[in-house]
């Protein structure tokens with residue numbers, strides 16, 4: 001019942017005369033119960049409205065959470081991809097460095113081998129030349145004495 005009906009009932013109660021106190025108390029109790037019922041119904045409506053609002057808020061928050069999770073997943077996937085590319089680049093640089101070092105070592109080994117070969121050739125030439133020079137020296141030395 002609406003609040004207007006309750007007030008109207010109260011007005012009619014005050015105008016109306018009751019034969020017994022018991023009738024008056026029952027009528028008063030009925031009025032009080034109707035008033036409480038209206039309050040309970042109003043609270044129920046407010047509660048249902050608040051529950052509805054809370055459910056909407058929850059859905060909104062869940063949507064936000066999913067959106068944030070997708071963003072985080074995309075960012076993490078991007079970070080993982082970037083890390084993978086970084087590691088690949090580091091490996092490429094490492095391999096290029098190793099290849100350059102290997103080539104440098106090969107050149108050094110080749111240079112050492114060539115130097116050793118030249119020394120051997122020079123040693124043979126020097127020995128042959130020294131023997132010729134030695135013979136000439138000995139011949140010259142013998143001629144002087």
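Residue numbers (full-length UniProt numbering): 1 to 145.
Where is the CB? At the ideal position from N, CA and C, for every residue including glycine.
Please read these numbers as outputs of a predicted model, since none were measured by experiment.
Expressed to the nearest angstrom, what Euclidean distance is found between the alpha-carbon atoms of residue 137 and residue 143?
For the purposes of this step, residue 137 is taken as residue 137 along the chain shown, with counting starting at 1. For the purposes of this step, residue 143 is taken as residue 143 along the chain shown, with counting starting at 1. Their backbone Cα atoms lie some 10 angstroms apart in a straight line.
Taking 8 angstroms as the cut-off, is the C-beta of residue 27 nearer than that to any heavy atom in the ligand ATP?
In terms of ligand content, the structure shown is empty, and the ligand ATP therefore cannot be addressed.
Going straight from the alpha carbon of residue 42 to that of residue 56, what length do you get?
One-based indexing of the chain shown puts residue 42 at position 42. One-based indexing of the chain shown puts residue 56 at position 56. Answer to the nearest angstrom: the Cα atoms are 21 angstroms apart.
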